[in-house]
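Position 158 of the first sequence, counted from 1, bears residue number 158 in UniProt numbering, the numbering being contiguous throughout.
We treat Cβ as the ideally placed atom computed from N, Cα and C, and that holds for glycine.
Read the structure below first, then the notes.
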Amino acid sequence: MRIATWNVNSVNARLENVLAWFEAEAPDVAVLQEIKCVDEKFPTEAFERLGYNVVVHGQKTYNGVALLSKHPVEDVRKGLPLLEGDAEDEQARYVEAVISGPKPVRVVGIYLPNGNPLGTEKFAYKLSWMRRLHEHAKGLLAFEEPLVIAGDYNVIPEVEDVANPEAWLGDALFQPESRGAFRALKNLGFSDAYMQADGSPGGYTFWDYQAGAWPRNLGIRIDHLLLSPQAADILEDVTIHRDERDKEKPSDHVPVVARLAL
DNA sequence: ATGCCGGGTGGAACCCGA
């Protein structure tokens, strides 16, 4: 079973590329981020024609996530639980479902807050969102079942994950607090699928539209799939679909696909 | 990268992304 994550930077602006990729690759399950539309504007029928069950957690203009599955889905959750004292969260950044394939696997799609600029409410929101994810993930791990938390984490985990580290020192994606929270999440017992299956430096998943970042390969690795031990044990390979960044009207992120022996 | 690009909104100029 192949599970994909892709920040598409507007599903409707990207529809031609996205549908072509799904036709060619036909992942069993995919999570999309930054769909940038409400549920009613999501191209649900187009994905249904390709054989997908569609779960959308949309929002006008910003954010928005979706989960697509060729198998039936159960136990759908939209939105990350709040912690005590948290204010309501209006931002659509979390979707979760159990995929009822040959063997069940729980798949979570996240669009973790960017957090820039530092020293603002946005950075505080990023860190508080990561605390919420940490607590919820701990609960999911306790099921001791195959679990994949995939998405745009907006965290550069290590110096090997960025072409030009100096340029990112003042950025929320590369702060010690952000990297520490990602490491703490991983240390609950997750395996970073790319690091487990490949691990070579330069496995970038994002290149800025500006300043020739793509032709100069000034990328960062921020789209990750974290695997529970039961999922890590059956990981076969991980593929970063770099070619998508070279298409007409590309997203600034490319798809990442993990194959599990399910 | 101070926003050089790109998307959305709304119908110009501004917000947001990473």
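Beta-ladder partner(s) of residue i, from DSSP
i: R106; result: V98, L147
i: Y111; result: D152
i: D237; result: R259
i: W6; result: L32
i: W207; result: G219
i: H224; result: G151
i: V162; result: I220
i: H134; result: Looking at the DSSP assignment, H134 forms no beta bridge with any residue, so it has no partner.
Presumed contact (8 Å Cβ cut-off) between residue i and residue j, rounded CB distance
i: V105; j: L260; result: 7 Å
i: G109; j: V65; result: 5 Å
i: K70; j: Y52; result: 6 Å
i: A97; j: V73; result: 4 Å
i: D198; j: V238; result: 6 Å
i: D171; j: Y111; result: The pair is not a contact, with the Cβ atoms about 17 Å apart (cut-off 8 Å).
i: G219; j: A163; result: 6 Å
i: V95; j: H136; result: So it is not a contact: roughly 13 Å between Cβ atoms.
Outcome for residue i when other beta-carbon atoms lying within 10 angstroms are tallied against a minimum of 16
i: L225; result: buried
i: D233; result: exposed
i: S200; result: exposed
i: N63; result: buried
i: residue 346; result: Shown here, the chain extends from 1 to 262; a query on residue 346 therefore has no answer.
i: P176; result: exposed
i: N7; result: buried
i: K36; result: buried
i: D75; result: exposed
i: E166; result: exposed
i: D86; result: exposed
i: L262; result: buried
i: N169; result: One point to set straight first is that residue 169 is Leu, not Asn, in the sequence displayed. Counting Cβ neighbours within 10 Å, L169 comes out exposed, since fewer than 16 surround it.
i: V18; result: buried
Closest residue to residue i among the options (Cα-Cα distance)
i: A184; options: D198, W168, V155; result: V155
i: F206; options: Y194, D161, P176, L169; result: D161
i: I240; options: E16, A13, E25, R14; result: E25
i: E144; options: L188, E121, D171, G170; result: L188
i: V256; options: S10, W21, L83; result: W21
i: D39; options: D28, S10, V18; result: S10
i: G203; options: V29, K78, V254, L68; result: V254
i: S178; options: T61, L50, W129, H136; result: W129
i: Q210; options: S251, L15, Q230; result: S251
i: L50; options: H136, L141, A30, K60; result: A30
i: F190; options: L141, I222, L83, E158; result: L141
i: A193; options: P146, K249, A13, H134; result: P146
Any non-hydrogen atom of the ligand ZN closer than 7 Å to residue i Cβ
i: Y125; result: For the ligand ZN, the structure offers nothing, since it holds no ligand at all.
Entirely enclosed alpha helix (DSSP H) segments - the stretch 169–200, minimum 4 residues: Entirely contained in the stretch 169–200, the alpha helix (DSSP H) runs reaching 4 residues are, in chain order, 176–186, 193–197.
Report the residue ranges of all alpha helix (DSSP H) runs contained in full by the stretch 28–91; include only those spanning at least 4 residues, in chain order. Fully enclosed alpha helix (DSSP H) runs of 4 or longer: 44–49.
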